[in-house]
Ligand code: ADP
Ligand code: MG
């Protein structure tokens, strides 16, 4: 089983090959078709199972299907991560794909220079990777056109609760347009994560990979 059989574009499958990715992981096999189909999803799979590309590739394909030069940049993919370290990891995994597709990506994080972030946002970005509190600050300052966002990802959702960030997430969910695709991923899906998902995401497809026995 190769990435091409998941209906990923030639541009993305070529890039995957170039970056040394040969076969999709189990969560990628399950989640990529659901997300390419435009569905909302909540998905769990253990740490290190490749959840980042599982949500990133379908979103990038929908943002720039022909991998053509993008001239007008506006935020279409919004990824929320509980910590700046995890945001940085998402950034590293996404960078070769985003660059090759001529998309601009910005990282917004506590401890980052807010004025530098604001300048980047004003220049125009396609993909935002952010911690929730800093994201909300930029939204409230109207540096981010939240209505433009087509795909919202909440990564490490259970950790978001551990860190007390759920209030920020609820605010952001409330501002999203009805038609935006919403995705929650987590190593474990706990009842509080399901409750959040059911409140803000309808309809919702649930994909849980069994932990190895
Ligand atoms: P998770 O978010 O599930 O903890 P990541 O998305 O951070 O996992 O991926 C963990 C590592 O696995 C990363 O270094 C990533 O580049 C690598 N990886 C992802 N998908 C594949 C794949 N299909 N084949 C090989 N390595 C992969
Ligand atoms: Mg991850």
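In UniProt numbering, the protein residues as written are 1 to 213.
Ideal placement from N, C-alpha and C gives every residue a C-beta, glycine not left out.
- Boundaries of the beta strand (DSSP E) harbouring residue 205: 205-208, taken from the DSSP string.
- In terms of Cα proximity to residue 68, the closest of 99, 80 and 50 is 99.
- In terms of side-chain proximity, the C-beta atom of residue 53 is found nearer than 7 Å to a non-hydrogen atom of the ligand ADP.
- DSSP, reduced to helix, strand and coil, places residue 180 outside both helices and strands of the structure shown, so it counts as coil.
- Setting aside the 5 residues that flank it on each side, residue 175 is surrounded in the same chain by 146, each with a C-beta closer than 6 Å to its C-beta; the list follows chain order.
- Within the region 145-192, the complete alpha helix (DSSP H) runs of at least 4 residues fall at 157-162 and 166-175.
- Under the DSSP definition of a beta bridge, residue 130 partners with 80 and 108.
- Here DSSP, grouped into helix, strand and coil, assigns residue 194 to helix.
- For residue 42, DSSP records a beta bridge to 184 and 206.
- Per DSSP, reduced to three states, the secondary structure at residue 64 is coil, with no helix or strand assignment.
- In the structure shown, the three-state DSSP call for residue 37 is coil.
- In the structure shown, the three-state DSSP call for residue 88 is helix.
- Residue 123 sits exposed, since fewer than 16 C-beta atoms from the chains shown fall within 10 Å of its C-beta.
- Assigned with DSSP and collapsed to three states, residue 118 falls in helix.
- For residue 18, the enclosing alpha helix (DSSP H) has its first and last residue at 10-18.
- Restricting attention to 185, 149, 170 and 54, the CA atom closest to the CA of residue 73 is found in 149.
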